[in-house]
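For the record, the sequence lines run as chains A and B.
Position 143 of the first sequence, counted from 1, bears residue number 143 in this note's numbering, the numbering being contiguous throughout.
Position 231 of the second sequence, counted from 1, bears residue number 479 in this note's numbering, the numbering being contiguous throughout.
Number of protein chains: 2
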Amino acid sequence: MATPINLSVMKAFDALELFNEARSELTAEVVARELRLSHATAHRFLATLEAASVLTAVRRGVYAPGPRLARLGRMAEELAPLPASLQATLDRLRQGLEESVMACRYTPRGPLCVAVSQADRPISVNIRTGTTLPMLSTAQGRLFLAGLAPRDRKNWAIGQSVAQAALAEVEPLLEGIRAEGHALNRGDNEPDIAAVSVPVVSQGRTVLTISAFGTLGRFGPEVQERAARQLKEAAAELAQDIGPTKHT
Amino acid sequence: MATPINLSVMKAFDALELFNEARSELTAEVVARELRLSHATAHRFLATLEAASVLTAVRRGVYAPGPRLARLGRMAEELAPLPASLQATLDRLRQGLEESVMACRYTPRGPLCVAVSQADRPISVNIRTGTTLPMLSTAQGRLFLAGLAPRDRKNWAIGQSVAQAALAEVEPLLEGIRAEGHALNRGDNEPDIAAVSVPVVSQGRTVLTISAFGTLGRFGPEVQERAARQLKEAAAELAQDIGPTKHT
DNA sequence: AACAGAATCTCAAATAATGAAATTTGAGAC
DNA sequence: GTCTCAAATTTCATTATTTGAGATTCTGTT
């Protein structure tokens, strides 16, 4: 049903995902172990990425991020089609709410996290940009579904091999979401994690969701209501930023 | 002789290279044409990159850079093992010399451009980070060769299938480079392009080159001398920044 | 010098990628 | 609403590429 995915390319990006602050260099041994590949195959991925300047060989057998990856990232930041004001808006909301805030875009597989502003506390809930959330069990997913016409919702379920029964089960929730203008999540997707989400609507379509999220204990009724209000104001501003585009 | 390279991964990065300021979106048609693939294969690469969040689907058939690419780029900028002061140093040199300035690292395939500071003029010579230069015909390549022990130089030629005769031909040049402490290029690699390069030497090894480059007409003897002097001073400072590391 | 472990290379077998052709989608005309 | 058609997406037999076991090379230690 779906376009087959190039598995080598996925693995190459999986390898890049192994870098983090605590691991600024990669060896074939780490790649082989983490991605469950042979040592020879892991080495070949690293050698390929080095040949492409995506990685740089620090010394024999040890690789670090390379200049091309940095350049492609800068290019992505300059060209990606998000409102210019999105990150600043998220930062402002985060300061006002004192919780983490994020924005998601619709994809058929689920809401895609495209920007985050993490709460300032030493330890807080975070999500990585590029993460795709489940559609049926998250506030963001339900907002996107609530914004679709019934036929589009049905086609979505068919396209993603989701049982019509599962879709029918959330229809009452979607009704409530449309009435309230925001969606809540209290542990439905992740235990002990709450979220309040509102849609950014441009030309009758939900083009983004923005959400405040954190631990359940921090999200009582008053916080929820305050968050929903502030998120809605921000969403209205963002919708004006987006305005009419050729994406109709 | 060398580790085989994964061709699918290379093609995926070739596809990413098609974005630029004038082209912020990609279609399968463009990818197919530019990379000489079938329409179906081009679509599959785009779908793969979209599934990996490296691209984002703007609408059916149209793709833009995605959040994961931006994130990986930021990660690369944070983790890549360059001296922290490198870019500032290049910027300062550019201002002093009023020419473009760049830094290269050694790879067996040739000098890899890892940082650039482009001259302020509306039109000036530039190079893209991630570009690998030829080894024998560039000032940077000759500097790296000049800094290798004769046996290492011979092994390099064997490893890269370079004829020993070609290597022997540049030996007198390398001798001159070692005596002067810098290397010149006046159209040897690219017609009408001149470069002055100096090595950044740490623990007896040439770990970087820094170069000023521009059109031939702007690089008279006085400019060359002035550039060499300023580049050498900067190289000495950078070498101290690098200092003793575990890269011995 | 010898040795050992890690990194790199080789190549036959297995698997995945490719592209021609079929199918689906969606915009525009009526 | 239906129909048309170009573009996008999917299918599947064939071909090319990828994989990993094992061989070879490299390098640090003694």
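All residues carry an ideal CB built from backbone N, CA and C; glycine is no exception.
Give the C-beta separation of R353(B) and L456(B) to the nearest angstrom, bearing in mind that I take them to be a contact with Cβ-Cβ under 8 Å. 6 Å between Cβ atoms; contact.
Assigned secondary structure, V9(A) (DSSP; H/G/I helix, E/B strand, else coil): In the structure shown, V9(A) sits in a helix (DSSP, three-state: H, G or I).
Can you tell me where the alpha helix (DSSP H) with G310(B) in it begins and where it stops? Checking the sequence, you will find Val at residue 310(B) rather than Gly. V310(B) -> not in any alpha helix (DSSP H); beta strand (DSSP E) instead, spanning 310–313.
Could one say the Cβ of T56(A) lies closer than 8 Å to chain B's Cβ atoms, at least one of them? Put simply, the CB of T56(A) is near chain B, with a gap under 8 Å to one of its CB atoms.
Where in the segment 82–116 of chain A do unbroken runs of the beta strand (DSSP E), each at least 3 residues long, occur, reported from the N-terminal end onward? Whole beta strand (DSSP E) segments, 3+ residues: 100–105.
Partners in chain B for T3(A), counting only beta-carbon separations shorter than 7 Å: Correct list: H291, R292, A295.
How is the beta strand (DSSP E) around G214(A) delimited, first residue to last? Start and end: 205–215.
State yes or no: is the beta carbon of T377(B) nearer than 8 Å to at least one beta carbon in chain A? T377(B) counts as touching chain A.
Check whether chain B comes within 8 Å of M75(A), counting only Cβ atoms and requiring the distance to be less than that. At least one chain B Cβ lies under 8 Å of M75(A).
Using the beta-carbon count (16 or more within 10 Å), is L274(B) buried or exposed? Classification for L274(B): buried.
Quick check: the Cα distance between N126(A) and V101(A), rounded to an integer number of angstroms? Whole-angstrom Cα-Cα distance: 9 Å.
Which of the three DSSP states, helix, strand or coil, is assigned to P420(B)? Taken through DSSP and simplified to helix, strand or coil, P420(B) comes out as helix.
How is the alpha helix (DSSP H) around V278(B) delimited, first residue to last? For V278(B), the enclosing alpha helix (DSSP H) has its first and last residue at 276–283.
Using 8 Å as the limit for Cβ to Cβ distance, is M135(A) near chain B? False, the Cβ-Cβ gap to chain B never drops below 8 Å.
Who are the neighbours of L317(B) on chain A, taking C-beta pairs under 7 Å? Contact of L317(B) with chain A by beta-carbon distance below 7 Å involves L72, G73, A76.
Any heavy atom of the ligand MN inside 7 Å of the beta-carbon of S365(B)? With respect to the ligand MN, the structure shown offers nothing to examine, as it has no ligands at all.
Below 8 Å on the Cβ atoms is my guess for S197(A) versus Q140(A); work out the distance and round it to an integer in Å. In this structure, S197(A) and Q140(A) form a Cβ contact; the two beta carbons are roughly 5 Å apart against a cut-off of 8 Å.
Per-residue contacts from S8(A) into chain B (C-beta, under 7 Å): Chain B residues near S8(A): N254, S256, V257.
Bridge partners for I193(A) per DSSP, in chain order? T215(A), per the DSSP bridge assignment.
Mind pulling the chain B residues with CB within less than 9 Å of L112(A)? Chain-ordered, the chain B residues with CB closer than 9 Å to the CB of L112(A) read S301, T304, G314, P315.
With a threshold of 8 Å between beta carbons, is M272(B) in contact with chain A? Correcting the residue identity first, residue 272(B) is Ser in this sequence and not Met. Yes, S272(B) lies at the interface with chain A (some Cβ there is under 8 Å from its Cβ).
Closest to L173(A) by C-alpha separation, out of P65(A), A163(A), D188(A), T107(A), would be which residue? Closest by C-alpha distance to L173(A), out of P65(A), A163(A), D188(A), T107(A), is D188(A).
Since V448(B) and A483(B) are thought to touch, with beta carbons under 8 Å apart, how far apart are those beta carbons, to the nearest angstrom? That belief holds up - the Cβ atoms of V448(B) and A483(B) are roughly 5 Å apart, short of 8 Å.
Quick one: any contact between the segment 157–165 of chain A and the segment 339–347 of chain B, if contact means 3 or more CB pairs under 8 Å? Touching, no, given that fewer than three Cβ pairs across the two stretches are closer than 8 Å.
Taking the Cβ atom as the reference point for each residue, do A146(A) and R178(A) lie within a distance shorter than 8 Å? Between A146(A) and R178(A), the CB-CB gap stays under 8 Å.
Between the beta-carbon of M258(B) and the beta-carbon of A42(A), is there less than 8 Å? Going by C-beta atoms, M258(B) is not nearer than 8 Å to A42(A).
Taking the DSSP output, what are the residues bridged to V200(A)? V200(A) is bridged by DSSP to L208(A).
Give the range of the alpha helix (DSSP H) segment to which T132(A) is assigned. From DSSP, T132(A) is part of no alpha helix (DSSP H); its letter is neither H nor E.
How would you write the range of the alpha helix (DSSP H) that T41(A) sits in, first residue to last? Here the alpha helix (DSSP H) through T41(A) covers 39–51.
Whose C-alpha, out of A351(B), A280(B), V278(B), is nearest the C-alpha of L486(B)? Looking at the Cα atoms, A351(B) is the closest of the given residues.
Any beta carbon from chain A within less than 8 Å of F261(B)'s own beta carbon? Interface annotation, F261(B): in contact with chain A, CB-CB separation under 8 Å.
Would you mind stating whether L69(A) and A324(B) have Cβ atoms separated by less than 8 Å? It is a contact, given that the beta carbons lie within the stated cut-off.
Continuous alpha helix (DSSP H) stretch holding A394(B): start and end: Judged by DSSP secondary structure, A394(B) falls within the alpha helix (DSSP H) whose first and last residues are 387–394.
Checking 8 Å against the spacing of the C-beta atoms, do A32(A) and H39(A) come in under that value? In this structure, H39(A) lies closer than 8 Å to A32(A) by Cβ.
So is F217(B) in contact with chain A if we call contact Cβ pairs under 8 Å? Nothing about residue 217(B) can be reported from this structure: the residues present for chain B run from 249 to 496 only.
Taking the alpha-carbon positions, what's the D339(B) to R151(A) distance? Taking the straight line joining both Cα atoms gives about 57 Å.
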